[in-house]
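A short write-up of the structure that comes next.
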Amino acid sequence: MRKQIDREDMEHLCVLGKLNLQEREYEAAAGELQKMLDYVEKLEELDTEGVEPLCQMQTGENVFREDTVTGADRREELLEGAPARKEGYFQVPRTVE
Numbered sequence: 000m001r002k003q004i005d006r007e008d009m010e011h012l013c014v015l016g017k018l019n020l021q022e023r024e025y026e027a028a029a030g031e032l033q034k035m036l037d038y039v040e041k042l043e044e045l046d047t048e049g050v051e052p053l054c055q056m057q058t059g060e061n062v063f064r065e066d067t068v069t070g071a072d073r074r075e076e077l078l079e080g081a082p083a084r085k086e087g088y089f090q091v092p093r094t095v096e
């Protein structure tokens, strides 16, 4: 059964949403809402027999890789490009007083 959005429905939605729409906006919103309802009705035609209900897309499995050391100590190589260094670290200007 196809649901048509009428003026009473739109007025009720505007009250619920605390919307103050101009007449032009009112008609545009009703048209967009009707498109959404028509799409939902179209989705209801799909055969979902045997499809498990879904509440979220994530599987709950850990997708992170193992944390393994893959390279050598490159500290000195990386610090070569530093404008200033102190005790083996980058030295930056003080930002908090």
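If you use numbering that gives the first Met the number 0, the sequence shown corresponds to residues 0 to 96, in order.
For glycine and all other residues, C-beta sits at the position ideal for the given N, C-alpha and C.
Contact fails between the region 38-45 and the region 57-66, because fewer than three Cβ pairs, one in each stretch, are under 8 Å apart. Taking a cut-off of 8 Å for Cβ pairs, the region 1-18 and the region 30-39 touch, as three or more such pairs fall below it.
Gln3 and Asp37 have their alpha carbons spaced roughly 9 Å apart. Within the DSSP secondary-structure output, Tyr88 pairs in a beta bridge with Lys85. Pairing Gln90 with Phe63, the inter-Cα distance amounts to about 32 Å. Take the alpha-carbon of Glu26 and the one of Lys41: they are about 23 Å apart.
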